[in-house]
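Step one of this worksheet: look at the structure below.
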Amino acid sequence: MAKAIVVAAPASGSGKTLITLGLLRAFRNGGVRVAAAKVGPDYIDPRFHEAATGRPCYNLDAWAMSPSQIKGLVAELARDADLVIIEGVMGLFDGPRGAKGSTADLAVMLELPVLFALDCRHQAQSAAALVHGFASYSKDLDLAGVILNRTASERHELLLREALSHEVLLALRNDEALSWPSRHLGLVQAQENSALDAFIEAAALRVSNPKALERILDLARPLEGTGGGQVLPPLAASIAIARDDAFSFSYSYLLDSWRRQGAALSTFSPLADEAPDATAGAVFLPGGYPELHAGRIAANLHFLDGLRSHAGLIYGECGGYMVLGESLIDSNGMSHAMAGLLPLTTSFAKRKLHLGYRQLEPLRGEPWNGVLRAHEFHYSTAVSEGPADHLFTARDAAGNTLENMGLRRGRVMGSYAHVIAEAG
752 MAKAIVVAAP ASGSGKTLIT LGLLRAFRNG GVRVAAAKVG PDYIDPRFHE AATGRPCYNL
812 DAWAMSPSQI KGLVAELARD ADLVIIEGVM GLFDGPRGAK GSTADLAVML ELPVLFALDC
872 RHQAQSAAAL VHGFASYSKD LDLAGVILNR TASERHELLL REALSHEVLL ALRNDEALSW
932 PSRHLGLVQA QENSALDAFI EAAALRVSNP KALERILDLA RPLEGTGGGQ VLPPLAASIA
992 IARDDAFSFS YSYLLDSWRR QGAALSTFSP LADEAPDATA GAVFLPGGYP ELHAGRIAAN
1052 LHFLDGLRSH AGLIYGECGG YMVLGESLID SNGMSHAMAG LLPLTTSFAK RKLHLGYRQL
1112 EPLRGEPWNG VLRAHEFHYS TAVSEGPADH LFTARDAAGN TLENMGLRRG RVMGSYAHVI
1172 AEAG
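Structure below.
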């Protein structure tokens, strides 16, 4: 039976992604069949996990998914693995206001121990009070061990070890060389840097302490549950999915779920001027970074004409929604013609952060029926909308009513929301 453990931290920026990548690759290099999961709706970190393990990484979301959906997805990950490492999101107890959804909530739900990654810069013995507070905040949480990150010296490490009552599994020196560039939605995507594998190997070397790795395996807890994790019906029996650097925000757990439900999936690259499979029952344009490639997309007429002539359902999320519109204004204020299938103009020149969980209900039973859980995270803005039906009614995570989201015109529909799952 596969075992699992959670890597968490007191705050974002503590180094838990780098530590998780190092552990994943170190275990893989040691012959352990290791799989990865990521807490929350993040699209970027899972691609790094997949590069480290050579396996799909699934998102697990305690707000958007039911316990049975989560346990089913974890069981799918564990089907041919010895160990599943789950990277947390933000701080250990951070989540939507007034609702479950934190890393701690997920760890308690799955009855898994937590490795606590602590950024030790600018503190010494005070770290003990911080760890004690996090460990005692919830009686249901098992904070099983601490990883000291960004220690400055042997003396600094010794002060920390002497002060802490929790077991210290690893102590890692601060290494500015192990950093990865970022942009407006997070880290620069894994596939955009040819040095990725060397970066992951360097992270693995940092954590490759045989005794520590053996101890982490001992602390990990056996998983229970059966596979499945069907979170959302497929859009059609066959689906053509855009996939490249501009359209990379699709969930591995969702695509695998569609395959398990019998859907035939194909992929195409709009940036390579590829058209979707004309015989597919639906086209899915996921989010990504079309605002960084708007000129190239506008020039790729084979892709745009193939999209316009497609007879099936066409559905776009966030960046995909922007490309379904009439034009996209880039950061320099230049307008680029898009597919023109929805009466929509979006702008990356007028930036405004839109962030948060969403509860959606399709107004006309498509592309899905019933209550949906989703997430919104973008800086672009819809600067004009023409005559078309709205796609969803919307509420935030607390249930407050928001304006209707998205547009629909005939077979073409989309919104800024990334749909995660059917409400359980």
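Its first residue numbered 752, the sequence shown is counted upward by one per residue in my numbering. Ideal Cβ placement from N, Cα and C applies to all residues, glycine included.
Find out if the Cβ-Cβ distance for the pair G1161, Y1072 is shorter than 8 Å.
In the sequence shown, counting from the first residue as 1, residue 1161 sits at position 410. In the sequence shown, counting from the first residue as 1, residue 1072 sits at position 321. For the pair G1161 and Y1072, the CB atoms are not nearer than the 8 Å cut-off.
Just the C-alpha distance for R1159 and V840, rounded to the nearest angstrom, thanks.
The sequence position of residue 1159 within the sequence shown is 408, counting from 1. The sequence position of residue 840 within the sequence shown is 89, counting from 1. Taking the CA atoms as reference points, R1159 sits about 33 Å from V840.
Using the C-alpha atoms, what's the distance from E1077 back to S853?
Here the question's residue 853 lines up with position 102 in the sequence shown. Here the question's residue 1077 lines up with position 326 in the sequence shown. Straight-line measurement puts the Cα of E1077 at about 38 Å from the Cα of S853.
Just how far apart, CA to CA, sit L1106 and F1128?
Taking the sequence shown and counting its residues from 1, the one referred to as residue 1106 is at position 355. Taking the sequence shown and counting its residues from 1, the one referred to as residue 1128 is at position 377. Cα-Cα distance, rounded: 4 Å.
So which of V835, A1172 and G781 has the shortest CA-CA distance to S959?
Taking the first residue of the sequence shown as 1, we reach residue 959 at position 208. The residue with the shortest Cα to Cα distance from S959 is G781.
So who's on the other strand from Q1110, going by DSSP bridges?
One-based indexing of the sequence shown puts residue 1110 at position 359. DSSP lists R1124 and R1146 as the bridge partner or partners of Q1110.
Give every residue of the same chain whose Cβ lies closer than 8 Å to the Cβ of L881, excluding the five residues on either side of it in the sequence, and list them in chain order.
Stepping through the sequence shown from its first residue, residue 881 is reached at position 130. If you ignore the 5 residues before and after L881, its C-beta comes within less than 8 Å of the C-beta of P761, L869 and Q874, all in its own chain and listed in chain order.
Using beta-carbon positions only, say whether D1028 and A991 come within less than 8 Å of one another.
For the purposes of this step, residue 1028 is taken as the residue at position 277 of the sequence shown. For the purposes of this step, residue 991 is taken as the residue at position 240 of the sequence shown. Contact check for D1028 against A991 passes: the beta carbons are separated by less than 8 Å.
Could you check how far apart the C-beta atoms of E1173 and G1116 are, in whole angstroms? I think they sit under 8 Å.
Along the sequence shown, read from residue 1 onward, the residue named residue 1173 stands at position 422. Along the sequence shown, read from residue 1 onward, the residue named residue 1116 stands at position 365. The C-beta distance from E1173 to G1116 rounds to 13 Å, too long to fall under 8 Å, and the pair is not in contact.
By alpha-carbon positions, which one of A993, R848, I795 and L1123 ends up nearest to E1112?
Position 361 of the sequence shown, counted from the start, is the residue given in the question as residue 1112. Measuring from the Cα of E1112, the nearest candidate turns out to be L1123.
Just the C-alpha distance for K851 and F844, rounded to the nearest angstrom, thanks.
Taking the sequence shown and counting its residues from 1, the one referred to as residue 851 is at position 100. Taking the sequence shown and counting its residues from 1, the one referred to as residue 844 is at position 93. Each residue's alpha carbon lies about 10 Å from the other.
Assign N1083 to buried or exposed, taking buried as 16 or more other Cβ atoms, counted over all protein chains shown, within 10 Å of its Cβ.
Taking the first residue of the sequence shown as position 1, residue 1083 is located at position 332. By the Cβ neighbour-count rule, N1083 is exposed, with fewer than 16 other Cβ atoms within 10 Å of its own.
Would you call the CB atoms of M1164 and P1118 closer than 8 Å?
Locating residue 1164 in the sequence shown gives position 413, where the first residue counts as 1. Locating residue 1118 in the sequence shown gives position 367, where the first residue counts as 1. For M1164 and P1118, yes; Cβs fall inside 8 Å.
Between the alpha carbons of L1043 and L1058, how many angstroms are there, rounded?
Taking the sequence shown and counting its residues from 1, one reaches residue 1043 at position 292. Taking the sequence shown and counting its residues from 1, one reaches residue 1058 at position 307. Whole-angstrom Cα-Cα distance: 20 Å.
Tell me which residues share the same chain as G1024 and place their Cβ nearer than 7 Å to its Cβ, disregarding the 5 neighbours each side in the sequence.
By 1-based counting over the sequence shown, the position of residue 1024 is 273. As written in the sequence, residue 1024 is Asp, which differs from the Gly given in the question. Only N1051, H1053 and F1054 meet the Cβ criterion.
Between the C-alpha atoms of L857 and A826, what's the straight-line distance to the nearest angstrom?
What you label residue 857 is simply residue 106 of the sequence shown in a count that begins at 1. What you label residue 826 is simply residue 75 of the sequence shown in a count that begins at 1. If you draw a straight line from the Cα of L857 to the Cα of A826, it comes to about 15 Å.
If you check the beta carbons only, do F1099 and P1037 fall under 8 Å apart?
The residue given as residue 1099 occupies position 348 in the sequence shown. The residue given as residue 1037 occupies position 286 in the sequence shown. With respect to P1037, F1099 sits apart: the two C-beta atoms are not nearer than 8 Å.
Quick check: the stretch 816 to 830 against the stretch 946 to 953, are at least 3 beta-carbon pairs closer than 8 Å?
For the pair of segments examined, the stretch 946 to 953 was found not to touch the stretch 816 to 830: the number of CB pairs separated by less than 8 Å stays below three.
Using 8 Å as the cut-off, can you tell me whether the stretch 792 to 803 makes contact with the stretch 1006 to 1013, which would need three or more C-beta pairs spanning the two stretches below that distance?
By the C-beta criterion, the stretch 792 to 803 is judged not to be in contact with the stretch 1006 to 1013, since fewer than 3 inter-stretch pairs fall below 8 Å.
Could you give the first and the last residue of the continuous alpha helix (DSSP H) run that contains H907?
Indexing the sequence shown from 1 puts residue 907 at position 156. Boundaries of the alpha helix (DSSP H) around H907: E905 to A914.
E975 - DSSP class collapsed to helix/strand/coil:
For this step, residue 975 is matched to residue 224 along the sequence shown. Three-state result, E975: coil.
Spatial neighbours of P797 within its chain, please: C-beta separation below 6 Å, excluding the five flanking residues on both sides.
Residue mapping note: residue 797 aligns to position 46 of the sequence shown, counting from 1. Around P797, the same chain offers K789 and C808 as residues with beta carbons nearer than 6 Å, after the five sequence neighbours per side are excluded.
Less than 8 Å between the CB atoms is what I'm expecting for V982 and L956, so what's the real figure, rounded?
Within the sequence shown, residue 982 is the residue found at index 231, counting from 1. Within the sequence shown, residue 956 is the residue found at index 205, counting from 1. Not a contact, Cβ separation roughly 36 Å.
So what does I795 bridge to, in DSSP terms?
Taking the sequence shown and counting its residues from 1, the one referred to as residue 795 is at position 44. Note: I795 is not bridge-paired with any residue in the DSSP secondary-structure output.
What did DSSP end up calling A753 once you bin it into helix, strand or coil?
Here residue 753 refers to the residue found at position 2 when the sequence shown is read from its first residue. For A753, the three-state secondary structure derived from DSSP is coil.
Below 8 Å between beta carbons: does that hold for V897 and H917?
Here residue 897 corresponds to residue number 146 of the sequence shown, with the count starting at 1. Here residue 917 corresponds to residue number 166 of the sequence shown, with the count starting at 1. The Cβ atoms of V897 and H917 sit closer than 8 Å to each other.
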